[in-house]
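Numbering (the numbering used here), first residue to last: 1 to 483.
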């Protein structure tokens, strides 16, 4: 990153210039708490805020006006010459002088470099950082963000791209973030902007209703709500409140287009399709071992987590449903483990095999403890959405083993429970053999296996062979009829 040649110079206002730094709209620290205040009792002057009384004037630099974002954030806009916005507190005269000095300097730099900055089209954002100043420009025609110097995407915090059109999508994300943050002074958006957004959500609604692998980030019920909101906003397109949420929705749409490589040579048309090159391959030997130890439970978890974190992009609806299913499964395992532990009370009255009793009860206790811990650890993640899910999965994903470790942890409660159930079953067989003869015990064992097989066939997709198909093997073929 190059340092500007004016670093250390003073303006005509006596302001010491530091370094002009490029940033993007999403890195402005808008939601950071930079100052805390103390509430106190206040004197109310006679006739204060009476409409017929003139309030004490609050001075701002020339041509600057205050605006309040719908969320409550105060910002200021210069309404002459090059459009300039800042969220610095210009009611402070020193801050106002510094912003005006930086605005004049940046505008002069742009003109010296041959940039044409038409009023109403190009807008400059300024943010003080000590003696330095952060900045960026936006162009409302191209709907992009730009700077005065050449930078790499990593230097300014822009997502990596594969082409110039893909880069424009990445810059449009920052443009819509700026419009959302500074929406009250623009006088509204072009009607075409709203109509195009309605078309986007209309297609998304149809797509999500007809395909479970739609790449749109919202579910059908959410698309329908947004459509109702947007169609009702046609008469309010010039209102700053409408501009704010329309810009936010456009930012989400453009970011989704960036992630799906919208308009590129290879785009993602299904959310389960991977289009990015994997930096490292996943270790397979450990996956087979862990899968065998957990009765194949960990493999299912690992496969599902890889599908959700496909190309490091997460759909909130997929994550929420997956996590809700996991928590529900752990709750069932916890309940079943308690039931097995309660059954061990009969061990005091029956001739049980102590080793099996200790093994079964210990495994049931481990199943309950691991289930309870996982439920506690993942509390709230079933409604956290895409952002929190992405942060969580990024932290637990291993570069070599991917989600095998997490899948093992998720599968432990079921593994302990199934092992405990098997030990309890063997304990029952041992007790039966103590009271009955071997033939009777074998008969009981056969009945139990028959019941288990019937239940398995009832709830699985496995189909028994049709007896009619077996009889066809012995029917002579009519070759003439076959011809």
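Where a beta carbon is used, it is the ideal one built from N, C-alpha and C, also for glycine.
Rounded C-alpha distance that separates residue i from residue j
i	j	result
residue 172	residue 50	45 Å
residue 291	residue 299	5 Å
residue 416	residue 301	16 Å
residue 287	residue 303	11 Å
residue 83	residue 110	13 Å
residue 22	residue 134	6 Å
residue 31	residue 87	12 Å
residue 127	residue 205	40 Å
residue 281	residue 289	17 Å
residue 378	residue 388	12 Å
residue 93	residue 273	56 Å
residue 150	residue 312	29 Å
residue 139	residue 53	42 Å
residue 263	residue 117	29 Å
residue 28	residue 105	20 Å
residue 1	residue 102	Model confidence at residue 1 stands at a pLDDT of 49, short of 50, so the residue's coordinates are unreliable; what they give is reported in the following sentence. Roughly 19 Å between the two C-alpha positions.
residue 345	residue 339	11 Å
residue 337	residue 363	9 Å
residue 165	residue 284	37 Å
residue 251	residue 176	5 Å
residue 221	residue 319	17 Å
residue 40	residue 98	31 Å
residue 34	residue 100	22 Å
residue 473	residue 450	Any reading at residue 473 needs caution, since the residue's pLDDT is 46, under 50, leaving its predicted position unreliable; the model's value is listed next. So the alpha carbons of these two residues sit roughly 28 Å apart.
residue 228	residue 235	13 Å
Neighbourhood of residue i by C-beta, 6 Å cutoff - its chain only, sequence neighbours within 5 removed
i	result
residue 226	201
residue 129	none
residue 244	70, 180, 183
residue 347	357
residue 178	25, 138
residue 213	270, 271, 272
residue 123	83, 138
residue 68	74
residue 233	242
Neighbourhood of residue i by C-beta distance below 7 Å, restricted to the same chain and skipping five residues each side
i	result
residue 24	136, 145, 156, 157, 158, 174
residue 334	368, 371, 372
residue 268	215, 260, 261, 275
residue 160	153
residue 63	78, 79, 80
residue 397	309, 403
residue 351	431, 434
residue 223	201, 204, 205, 208
Pair within 8 Å by beta-carbon distance, residue i and residue j
i	j	result
residue 365	residue 341	yes
residue 219	residue 208	yes
residue 409	residue 294	no
residue 382	residue 418	no
residue 248	residue 307	no
residue 85	residue 125	yes
residue 169	residue 37	no
residue 315	residue 407	no
residue 193	residue 246	yes
residue 414	residue 297	yes
residue 376	residue 427	no
residue 230	residue 198	yes
Residue i (DSSP reduced to helix, strand or coil)
i	result
residue 22	strand
residue 549	The structure shown does not extend to residue 549, since the chain is modelled only from 1 through 483, so no value can be given for it.
residue 301	helix
residue 144	strand
residue 491	Residue 491 is absent from the model: the chain starts at 1 and stops at 483.
residue 158	coil
residue 73	coil
residue 320	helix
residue 106	helix
residue 401	coil
residue 49	coil
residue 122	strand
residue 136	strand
residue 271	coil
residue 87	coil
residue 379	coil
residue 266	coil
Beta-carbon contacts of residue i that lie in its chain and below 8 Å, excluding the five residues immediately before and after
i	result
residue 60	66, 76, 90, 91, 96
residue 497	Look at the range of the chain in this structure, 1 to 483, and you will see that residue 497 is not part of it.
residue 405	396, 398
Beta carbon proximity, residue i to chain C, threshold 8 Å
i	result
residue 400	Looking for chain C here will not work: only one protein chain is present.
Can at least three beta-carbon pairs, one atom from the stretch 316-330 and one from the stretch 420-429, be found at a separation below 8 Å? no
Within 8 Å, do at least three Cβ pairs link the stretch 229-241 to the stretch 186-194? yes
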